[in-house]
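One structure is given here, and the rest of the page talks about it.
Number of protein chains: 2
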Amino acid sequence: MEMPIRVSRDFAAIYPDASASATECAMNLARTGELVLGRVALALQPLEVSPAGGLVLGILKDACRPCPPNYISERLIVSRATVTGVLDTLVKRGLVRREPHPTDRRMVLVHLTKAGSRMADRVRRTVHRGEADWMGSLSEPERARLTELLGKLQRALA
Amino acid sequence: MEMPIRVSRDFAAIYPDASASATECAMNLARTGELVLGRVALALQPLEVSPAGGLVLGILKDACRPCPPNYISERLIVSRATVTGVLDTLVKRGLVRREPHPTDRRMVLVHLTKAGSRMADRVRRTVHRGEADWMGSLSEPERARLTELLGKLQRALA
DNA sequence: CTCCATCAGTTTGGGGCCTAATTATAAGGG
DNA sequence: CCCTTATAATTAGGCCCCAAACTGATGGAG
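This is the structure we're talking about:
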C-alpha cells in the first residue's frame, strides 16, 4: 500500500477537466480521516463507548448543565435522528438520563449521570493520550502547518 | 464554527500527558475527512450510487476482469462482510452480477454489467470534477505539502 | 379563541461499517 | 483416504448516519 495515495501517471490525459493534485488531496484526506477515526474507536473500545457516544458525553460535560438533543445535534453537526439513536445507547449504558423540560413540553433535557460524568473524563484522557502517541511522526511546525491547511480547506468545504 | 478547530487555552493544564497540537490535528483531520466524504456523497447523489458503491465499480473497472469479493475487500480496506452488503445493493441496481468461480467453488466472481461499466466512468468523472472544484482554495504547492504530510501520518497510522 | 405554521423529538426505512458465527469448499499431513 | 486446518462468502446483530414522515406542543395571525 503506497502512502500517500497517488494517481496514475496518465491521470490528466484520462480526466482532462480534473486536477491530479486535487484528487490526491481528496483521496488522502478521506483515507487519513478514516484512519484517525479508527484509532479513536480502537482506543475507546475498552471503555465500551463509541466515538459518537464519547463526543456526546464531552458536549454535556462542557455544558455543565442538562441540554436538549437539539443542542447536541448542532454541536455534533449531525441529524437529530442520529442523536436520538446515540442517546438511546448511552441511556442503556446508564451514562445519561432523559428528563422532560420543565416549561416547554416539546423538549427533553439530557442529564449526565454520575457514571456518565466520570466516563466523559476517562474518554477525553484516553483519546488525547492516543492522539499524542500516534501524531509523533509529525514535528510541531508540521502539525501547525497541517492544521492551517485543513482549516483553509474546511472554510471552502463547509 | 471556527476553522480550523482549536483546543481551549488551558488544554495543557487539564491534560498534562496530551499534546494540544496533536489533538488539533486529529480533530481537524476527522472533520475534514468527513466534509470530503460528504461532498463526494453529494456529487454522487444524482447518479444514485453511494461512495462505497462507486469505489467498488472503479476497482472492477480497473481490474478489467471479474474479481472475487475478497479482492475488493482488500483493495477497499474494508471487511468482507461489508463488501457483501455493498455488492447486494449494486446487484439490485443492476450494475454488477455475481457468478460462481469456474474451478474454486468457494469463490464468487463479480462481473461488471454494461450499465455498471458506464456508471463506473460517470462516477469517476463526476467525483474528479467535484474535487478540482472545491480544492480551489489551496494552491498547487499547498496541495503537494498537504499530501506529503498526510502520507507521513498514514505511515504512522496504518 | 381558533387555526395553522413551526418546532422538538421520535420513528421508519435504507445504507455503510464492524465482529463473530456459520456454511461450504479446498488443501495438506498422517 | 481421512481428518484437521485454512479459506471464501454469507448471515446475524449492533452502531452510526441520513431523509422523510409522524406526533405533540407552541405561539402568532386573524
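If you read the protein sequences in the order shown, they are chains E and S.
Sequential numbering of the first sequence, starting at 0, is according to numbering that gives the first Met the number 0.
Sequential numbering of the second sequence, starting at 0, is according to numbering that gives the first Met the number 0.
Every residue gets a Cβ at the ideal spot worked out from N, C-alpha and C, and that includes glycine.
Computed from a predicted model, the values in this text were never measured in an experiment.
Each of E:110, E:30 and E:74 was checked against the Cα of residue 87 (chain E), and the nearest Cα belongs to E:110.
In the pairwise beta carbon analysis, the region 113-129 of chain S is classified as touching the region 40-54 of chain S: at least three pairs are separated by under 8 Å. Look at residue 68 (chain S) here: in three-state DSSP terms it is helix. Residues 3 and 4 of the same chain have their beta carbon placed closer than 7 Å to that of residue 27 (chain E), with the five preceding and five following residues left out of the count. Taking CB atoms only, residue 151 (chain E) has a neighbour in chain S less than 8 Å away. Note on residue 78 (chain S): under 16 other CB atoms within 10 angstroms of its CB, so exposed under the neighbour-count rule. With a 10 Å radius around the Cβ and a threshold of 16 neighbouring Cβ atoms, residue 127 (chain S) comes out buried. Taking a Cβ-Cβ threshold of 9 Å, the residues of chain E close to residue 14 (chain S) are 123, 124, 127, 128 and 131, in chain order. In this structure, residue 30 (chain E) lies away from residue 144 (chain S), with their beta-carbon atoms at least 8 Å apart. Under the Cβ distance rule, residue 34 (chain S) counts among the residues neighbouring chain E, one pair being separated by less than 8 Å.
A Cβ-Cβ distance of about 7 Å is found for the pair residue 137 (chain S) and residue 148 (chain E), placing them in contact under the 8 Å criterion. In this model, residue 129 (chain E) and residue 19 (chain S) are separated by some 12 Å (Cα to Cα).
The beta carbon of residue 27 (chain S) sits closer than 8 Å to some beta carbon of chain E. Within the same chain, 58, 59, 108 and 109 come within 8 Å of residue 66 (chain E) by CB-CB distance, once the 5 residues on both sides are set aside. Shown here, residue 99 (chain S) sits in a strand according to DSSP, grouped into three states. The alpha-carbon of residue 135 (chain E) is positioned some 25 Å away from that of residue 35 (chain S). Counting every other CB atom within 10 Å of its CB across the protein chains shown gives residue 24 (chain E) a total of 16 or more, marking it as buried.
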